[in-house]
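No gaps in the numbering here: position 20 of the sequence shown is 18 in the numbering used here, and each next residue is one more.
Note that the Cβ used here is the ideal one computed from N, Cα and C, for glycine as well.
Keep in mind the model is a prediction, meaning the values are calculated, not measured.
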Amino acid sequence: PLPTLVICELLGVPYRDHAFFQQANSVLVSRDCTPEQAKTARLELQDYLDSLVEAKEREPGDDLISRLVIEQVRPGHLTRAELCSTAVLLLLAGHEPTSNMISLGVLALLQHPEQLAELRDSDDPKVAANAVEELLRYLTIGHSGVRRVAMEDVELNGQIIRAGEGVVLLGDAANRDEAVFDDPGRLDIHRQARHHISFGHGIHQCLGASLTRTELQIVYPTLLRRIPGLRTAIPLEEIPFRHDMAIYGVHELPVTW
(Lines of atoms letter the chains of each structure in order from A and count residues from 1; the text may use other names and numbers.)
(Lines give C-alpha, C1' and ligand atoms only; values in the text may rest on other atoms or scores of the structure.)
Protein backbone atom coordinates (compact mmCIF):
# COMPACT_ATOMS: atom_id res chain seq x y z
CA PRO A 1 0.00 0.00 0.00
CA LEU A 2 2.98 2.39 0.16
CA PRO A 3 2.44 4.14 -3.20
CA THR A 4 -1.25 4.54 -2.41
CA LEU A 5 -0.50 5.99 1.03
CA VAL A 6 1.98 8.43 -0.49
CA ILE A 7 -0.23 9.70 -3.32
CA CYS A 8 -3.23 10.01 -0.99
CA GLU A 9 -1.15 12.07 1.44
CA LEU A 10 0.16 14.33 -1.34
CA LEU A 11 -3.20 14.90 -3.01
CA GLY A 12 -5.30 15.07 0.14
CA VAL A 13 -7.39 12.02 -0.78
CA PRO A 14 -8.70 9.99 2.20
CA TYR A 15 -6.81 6.71 2.30
CA ARG A 16 -9.91 4.97 3.65
CA ASP A 17 -11.35 5.21 0.11
CA HIS A 18 -8.41 3.39 -1.52
CA ALA A 19 -10.36 0.17 -2.21
CA PHE A 20 -12.84 2.15 -4.32
CA PHE A 21 -10.36 3.95 -6.56
CA GLN A 22 -8.04 0.97 -6.86
CA GLN A 23 -10.94 -1.12 -8.14
CA ALA A 24 -11.92 1.60 -10.61
CA ASN A 25 -8.32 1.85 -11.77
CA SER A 26 -8.14 -1.92 -12.30
CA VAL A 27 -11.04 -1.58 -14.72
CA LEU A 28 -9.42 1.31 -16.59
CA VAL A 29 -6.10 -0.48 -17.15
CA SER A 30 -7.68 -3.82 -18.02
CA ARG A 31 -7.43 -5.00 -21.61
CA ASP A 32 -10.62 -7.01 -21.15
CA CYS A 33 -13.05 -4.36 -19.92
CA THR A 34 -15.80 -3.14 -22.24
CA PRO A 35 -16.10 0.52 -23.28
CA GLU A 36 -19.19 0.76 -21.07
CA GLN A 37 -17.29 -0.57 -18.05
CA ALA A 38 -14.42 1.84 -18.65
CA LYS A 39 -16.83 4.77 -19.02
CA THR A 40 -18.63 3.85 -15.80
CA ALA A 41 -15.37 3.54 -13.86
CA ARG A 42 -14.10 6.89 -15.11
CA LEU A 43 -17.39 8.66 -14.34
CA GLU A 44 -17.39 7.21 -10.83
CA LEU A 45 -13.85 8.48 -10.28
CA GLN A 46 -14.70 11.89 -11.69
CA ASP A 47 -17.74 12.16 -9.43
CA TYR A 48 -15.63 11.14 -6.45
CA LEU A 49 -12.91 13.72 -7.21
CA ASP A 50 -15.51 16.38 -8.00
CA SER A 51 -16.97 15.94 -4.52
CA LEU A 52 -13.50 16.05 -3.01
CA VAL A 53 -12.59 19.23 -4.90
CA GLU A 54 -15.85 20.81 -3.72
CA ALA A 55 -14.88 19.98 -0.14
CA LYS A 56 -11.41 21.50 -0.68
CA GLU A 57 -13.02 24.67 -2.04
CA ARG A 58 -14.99 25.05 1.18
CA GLU A 59 -12.15 24.08 3.48
CA PRO A 60 -8.68 23.90 1.88
CA GLY A 61 -6.06 21.73 3.51
CA ASP A 62 -2.30 21.33 3.26
CA ASP A 63 -2.29 19.20 0.11
CA LEU A 64 -1.83 19.46 -3.65
CA ILE A 65 -5.52 19.54 -4.62
CA SER A 66 -6.13 22.38 -2.15
CA ARG A 67 -3.18 24.31 -3.57
CA LEU A 68 -4.48 23.84 -7.10
CA VAL A 69 -7.90 25.08 -6.00
CA ILE A 70 -6.37 28.21 -4.47
CA GLU A 71 -3.65 28.93 -7.03
CA GLN A 72 -5.23 27.70 -10.27
CA VAL A 73 -9.02 27.40 -10.05
CA ARG A 74 -9.85 30.56 -8.10
CA PRO A 75 -7.76 32.85 -10.37
CA GLY A 76 -9.34 31.21 -13.42
CA HIS A 77 -6.25 29.44 -14.78
CA LEU A 78 -8.02 26.06 -14.55
CA THR A 79 -11.69 25.18 -14.58
CA ARG A 80 -12.99 22.91 -11.87
CA ALA A 81 -13.61 20.20 -14.51
CA GLU A 82 -9.97 20.44 -15.63
CA LEU A 83 -8.80 20.13 -12.04
CA CYS A 84 -10.98 17.06 -11.49
CA SER A 85 -9.61 15.40 -14.63
CA THR A 86 -6.06 16.21 -13.53
CA ALA A 87 -6.75 14.82 -10.06
CA VAL A 88 -8.06 11.56 -11.54
CA LEU A 89 -4.88 11.19 -13.58
CA LEU A 90 -2.61 11.99 -10.63
CA LEU A 91 -4.44 9.60 -8.32
CA LEU A 92 -4.26 6.67 -10.71
CA ALA A 93 -0.76 7.33 -12.04
CA GLY A 94 0.50 7.85 -8.52
CA HIS A 95 -0.02 4.30 -7.35
CA GLU A 96 -0.59 1.84 -10.22
CA PRO A 97 2.84 1.91 -11.96
CA THR A 98 4.85 2.16 -8.73
CA SER A 99 2.96 -0.67 -7.04
CA ASN A 100 3.68 -2.96 -9.96
CA MET A 101 7.32 -1.88 -10.14
CA ILE A 102 7.75 -2.82 -6.49
CA SER A 103 6.46 -6.36 -6.93
CA LEU A 104 8.11 -6.98 -10.31
CA GLY A 105 11.38 -5.44 -9.15
CA VAL A 106 11.48 -7.64 -6.06
CA LEU A 107 10.78 -10.69 -8.21
CA ALA A 108 13.57 -9.75 -10.64
CA LEU A 109 16.02 -9.29 -7.78
CA LEU A 110 15.04 -12.62 -6.23
CA GLN A 111 15.99 -14.20 -9.56
CA HIS A 112 19.41 -12.49 -9.36
CA PRO A 113 20.52 -13.19 -5.77
CA GLU A 114 24.04 -11.75 -6.10
CA GLN A 115 22.70 -8.39 -7.25
CA LEU A 116 19.97 -8.55 -4.59
CA ALA A 117 22.62 -9.06 -1.90
CA GLU A 118 24.69 -6.17 -3.19
CA LEU A 119 21.70 -3.82 -3.15
CA ARG A 120 20.62 -5.04 0.29
CA ASP A 121 24.05 -4.70 1.89
CA SER A 122 25.16 -1.40 0.37
CA ASP A 123 24.92 1.84 2.36
CA ASP A 124 25.60 3.91 -0.75
CA PRO A 125 22.37 5.54 -2.01
CA LYS A 126 23.90 5.67 -5.49
CA VAL A 127 23.73 1.87 -5.65
CA ALA A 128 19.97 1.93 -5.01
CA ALA A 129 19.48 4.80 -7.46
CA ASN A 130 21.38 2.95 -10.19
CA ALA A 131 19.55 -0.30 -9.49
CA VAL A 132 16.20 1.46 -9.81
CA GLU A 133 17.10 2.87 -13.24
CA GLU A 134 18.16 -0.56 -14.46
CA LEU A 135 15.00 -2.19 -13.12
CA LEU A 136 12.88 0.48 -14.80
CA ARG A 137 14.65 -0.29 -18.09
CA TYR A 138 14.72 -4.05 -17.67
CA LEU A 139 11.04 -4.37 -16.71
CA THR A 140 9.41 -1.50 -18.66
CA ILE A 141 5.93 -2.12 -17.26
CA GLY A 142 4.02 0.14 -19.67
CA HIS A 143 2.99 -2.36 -22.34
CA SER A 144 0.22 -0.47 -24.13
CA GLY A 145 2.55 1.56 -26.33
CA VAL A 146 2.35 5.24 -27.25
CA ARG A 147 0.00 5.77 -30.18
CA ARG A 148 0.37 8.71 -32.54
CA VAL A 149 -0.72 9.72 -36.06
CA ALA A 150 1.80 11.30 -38.43
CA MET A 151 0.78 14.86 -39.34
CA GLU A 152 3.09 14.93 -42.35
CA ASP A 153 5.37 12.58 -44.27
CA VAL A 154 8.40 11.64 -42.19
CA GLU A 155 11.45 9.55 -43.07
CA LEU A 156 12.84 7.54 -40.17
CA ASN A 157 15.80 5.21 -40.68
CA GLY A 158 14.97 4.88 -44.36
CA GLN A 159 11.30 4.14 -43.73
CA ILE A 160 8.70 6.61 -45.01
CA ILE A 161 5.80 7.22 -42.62
CA ARG A 162 3.01 8.87 -44.57
CA ALA A 163 0.78 11.61 -43.22
CA GLY A 164 -2.26 10.05 -41.60
CA GLU A 165 -0.56 6.73 -40.84
CA GLY A 166 -0.58 5.43 -37.29
CA VAL A 167 2.60 4.92 -35.29
CA VAL A 168 3.00 2.92 -32.08
CA LEU A 169 6.09 3.35 -29.92
CA LEU A 170 6.84 0.28 -27.82
CA GLY A 171 8.89 1.35 -24.85
CA ASP A 172 9.82 -2.19 -23.87
CA ALA A 173 11.34 -2.74 -27.33
CA ALA A 174 13.24 0.56 -27.19
CA ASN A 175 14.61 -0.26 -23.74
CA ARG A 176 15.98 -3.55 -25.11
CA ASP A 177 17.62 -1.91 -28.14
CA GLU A 178 21.03 -3.54 -28.65
CA ALA A 179 22.29 -0.38 -30.35
CA VAL A 180 21.76 1.51 -27.09
CA PHE A 181 22.24 -1.07 -24.32
CA ASP A 182 24.86 -3.82 -24.32
CA ASP A 183 23.36 -7.26 -23.72
CA PRO A 184 19.93 -5.66 -23.04
CA GLY A 185 18.27 -8.89 -21.94
CA ARG A 186 20.54 -9.09 -18.91
CA LEU A 187 19.79 -7.37 -15.59
CA ASP A 188 22.83 -5.43 -14.42
CA ILE A 189 22.37 -2.98 -11.55
CA HIS A 190 25.76 -1.44 -12.42
CA ARG A 191 24.57 -0.47 -15.91
CA GLN A 192 24.19 3.25 -16.65
CA ALA A 193 20.56 3.07 -17.76
CA ARG A 194 19.02 6.41 -16.85
CA HIS A 195 18.51 7.24 -20.55
CA HIS A 196 15.77 4.58 -20.76
CA ILE A 197 12.33 5.77 -21.89
CA SER A 198 10.17 4.10 -19.25
CA PHE A 199 8.98 7.57 -18.23
CA GLY A 200 8.69 8.87 -21.78
CA HIS A 201 10.96 11.57 -23.17
CA GLY A 202 11.26 15.32 -23.51
CA ILE A 203 8.25 17.51 -22.80
CA HIS A 204 6.07 14.42 -22.51
CA GLN A 205 8.15 12.81 -19.77
CA CYS A 206 6.09 11.60 -16.82
CA LEU A 207 5.62 14.33 -14.21
CA GLY A 208 5.67 11.72 -11.46
CA ALA A 209 9.05 10.25 -12.42
CA SER A 210 10.88 11.78 -9.46
CA LEU A 211 8.26 10.52 -7.01
CA THR A 212 8.41 6.99 -8.41
CA ARG A 213 12.20 6.98 -8.34
CA THR A 214 12.27 8.16 -4.74
CA GLU A 215 9.77 5.55 -3.59
CA LEU A 216 11.60 2.71 -5.32
CA GLN A 217 15.00 3.82 -4.03
CA ILE A 218 13.60 3.59 -0.51
CA VAL A 219 11.45 0.48 -0.86
CA TYR A 220 13.85 -2.03 -2.42
CA PRO A 221 16.76 -1.82 0.05
CA THR A 222 14.48 -1.31 3.05
CA LEU A 223 12.35 -4.34 2.26
CA LEU A 224 15.36 -6.56 1.56
CA ARG A 225 17.05 -5.53 4.82
CA ARG A 226 13.97 -6.02 6.95
CA ILE A 227 13.24 -9.44 5.45
CA PRO A 228 16.67 -10.83 4.50
CA GLY A 229 15.31 -14.34 3.90
CA LEU A 230 12.64 -13.22 1.45
CA ARG A 231 11.90 -15.72 -1.32
CA THR A 232 9.02 -16.68 -3.59
CA ALA A 233 6.58 -19.20 -2.13
CA ILE A 234 5.55 -20.73 -5.46
CA PRO A 235 7.40 -21.63 -8.68
CA LEU A 236 7.89 -18.84 -11.21
CA GLU A 237 5.57 -20.50 -13.73
CA GLU A 238 2.70 -20.37 -11.21
CA ILE A 239 2.95 -16.63 -10.57
CA PRO A 240 -0.10 -14.89 -12.11
CA PHE A 241 1.36 -12.17 -14.33
CA ARG A 242 -0.81 -9.27 -15.51
CA HIS A 243 -0.84 -10.06 -19.22
CA ASP A 244 -4.42 -8.76 -19.25
CA MET A 245 -3.45 -5.27 -18.09
CA ALA A 246 -1.97 -2.24 -19.86
CA ILE A 247 0.37 -1.84 -16.86
CA TYR A 248 2.39 -5.03 -16.57
CA GLY A 249 3.00 -6.67 -13.21
CA VAL A 250 1.70 -9.54 -11.14
CA HIS A 251 -1.79 -10.01 -9.77
CA GLU A 252 -0.15 -11.35 -6.63
CA LEU A 253 3.33 -12.40 -5.55
CA PRO A 254 3.26 -15.09 -2.83
CA VAL A 255 6.44 -14.92 -0.75
CA THR A 256 7.85 -16.47 2.39
CA TRP A 257 10.94 -16.06 4.59
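- For R146, there is no enclosing alpha helix (DSSP H); the enclosing beta strand (DSSP E) has its first and last residue at 144 to 147.
- In its chain, beyond the 5 residues on either side, Q44, L47, D48, V51 have a beta carbon closer than 8 Å to the beta carbon of C82.
- Nearest Cα to Q20 within the set L3, L137, L105, T212: L3.
- Within the same chain, V248, H249, E250 come within 8 Å of P238 by CB-CB distance, once the 5 residues on both sides are set aside.
- 8 Å or more divides the Cβ of L117 from the Cβ of V104.
- Nearest in C-alpha terms to V86, of all of Q109, H16, L222, is H16.
- Excluding sequence positions up to five before and after H110, its CB lies within less than 6 Å of the CB of L185, all in the same chain and listed in chain order.
- For I245, no beta strand (DSSP E) encloses it, and the DSSP letter there is neither H nor E.
- Close CB contacts of M243 within its chain, under the 7 Å cut and outside five residues either way in sequence, are with V27, S28, R29 (chain order).
- Counting only residues of its own chain and dropping the five nearest sequence neighbours on each side, K54 has a CB closer than 7 Å to the CB of G10, I63, S64, V67.
- Sorting Q190, H202, L114, E236 by C-alpha distance to the C-alpha of V144 places H202 at the top.
- Comparing C-alpha distances from E213 to each of Q35, S97, A39, G162 shows the shortest one belongs to S97.
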